[in-house]
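Each residue of the sequence shown is one higher than the one before, counting from 76 in my numbering. Heads up: the structure comes next, in structure tokens.
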Amino acid sequence: MSDKVEAPEAPQTLEGWYMLHDVYSVDWPAWHRLSQEERAELGREAADWLVAQGKRASGDTAFYHVVTQKGDLMLVCYRESPDALNEAERSWRRT
């Protein structure tokens with residue numbers, strides 16, 4: 076038996092693209108404790124990141140409000156390669 080753990084492969088669409096969907100839960104009490112200015116700044120940072128992703132030559136990126144037990148927001152990215160998908164995810168996590 077191997078000790079090596081392999082990450083699951085990113086799903087590929089019928090068109091040959093790769094897709095990431097990440098669901099996030101929001102700590103609403105903590106969010107509401109932030110000042111209006113802090114919430115606005117976080118919103119601007121997220122919006123700036125989305126605008127930058129929209130300027131890419133290829134791929135799509137969007138955030139959705141979801142109604143589910145698993146979370147509140149879902150990030151969806153389509154990219155032409157697993158490496159490009161990984162870069163999008165790492166870029167978001169650095170934001």
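All residues carry an ideal CB built from backbone N, CA and C; glycine is no exception.
Contact between residue 154 and residue 92 holds: their C-beta atoms lie close to 7 Å from each other, under 8 Å.
Judged by DSSP secondary structure, residue 135 falls within the beta strand (DSSP E) whose first and last residues are 135-140. Assignment of residue 97 by DSSP, reduced to helix, strand and coil, places it in the strand class. In the DSSP assignment, residue 148 falls within the unbroken beta strand (DSSP E) covering 148-154.
Taking the Cα positions, residue 119 is about 10 Å away from residue 112. Judged by beta-carbon spacing, residue 95 lies within the 8 Å limit of residue 160, meaning their Cβ atoms are closer than that value.
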